[in-house]
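The structure appears right after this line, and notes come after that.
In this note's numbering, the protein residues as written are 22 to 212.
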């Protein structure tokens, strides 16, 4: 079962599954090209001799360490960061080895806003700020692709969730079939 399907309830569906904006992987790709180019050039400059293999091995090891920290870790961090909007909640998961996450029920969301700088407007990215009822502070999600669209989607999903809950509560009061209880019995009577 793929992520995030294993986290969903039976009647819950994924509406939108996002990773941070693709531009967050721009610098790791640039660093990859620079490190590979510099390592290749450095290995080609090593003079012939008995120590040539040792020097080239040292260059390859240094390049591998740089690639690990400048390329692999940021790419894994991007790949393992998930923002998921479902029909019932907003899920946030991040982390490579140590994980952190948060689930916010749509019924608890009181306000969703976004901010974009001029550059973020050009690349269609931004920061979402989600206010929740009964919480210590806002949840801030950075580098969200299509942040204005996600903000509008969350507002619509919050309204639909409130309507769904109202229908479920009305169905509970009326009875399972949607009609008022029969035979003079009322669901509000106390025995």
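Backbone N, C-alpha and C fix where the C-beta goes; we use that ideal spot for every residue, glycine too. Bear in mind the structure is a predicted one, so any value in this text is a computation, not a measurement.
Query, Result
"Candidates 43, 151 and 102, of which the one nearest residue 159 by Cα", "151"
"Length of the line joining the Cα atoms of residue 170 and residue 191", "31 Å"
"Status (buried if at least 16 other CB within 10 Å, exposed otherwise) for residue 161", "exposed"
"Anticipated Cβ contact below 8 Å, residue 127 with residue 109, distance rounded", "6 Å"
"Endpoints, the alpha helix (DSSP H) within which residue 39 is located", "Residue 39 -> not in any alpha helix (DSSP H); beta strand (DSSP E) instead, spanning 35-39."
"CA nearest to the CA of residue 98, picked from 42, 176, 182 and 188", "42"
"Nearest-angstrom Cα separation, counted from residue 93 out to residue 11", "Examination of residue 11 is not possible in this model, given that the chain is present from 22 through 212 alone."
"Separation of residue 116 from residue 88, as counted between CA atoms", "19 Å"
"For residue 143, the residue or residues it bridges with in DSSP", "Note: residue 143 sits in no beta bridge, so no partner."
"Expected contact under 8 Å - CB spacing of residue 166 and residue 95 to nearest Å", "That belief does not hold up - the Cβ atoms of residue 166 and residue 95 are roughly 17 Å apart, past 8 Å."
"Rounded straight-line distance, which links the Cα of residue 61 to that of residue 69", "15 Å"
"Backbone secondary structure at residue 136 - three-state DSSP", "strand"
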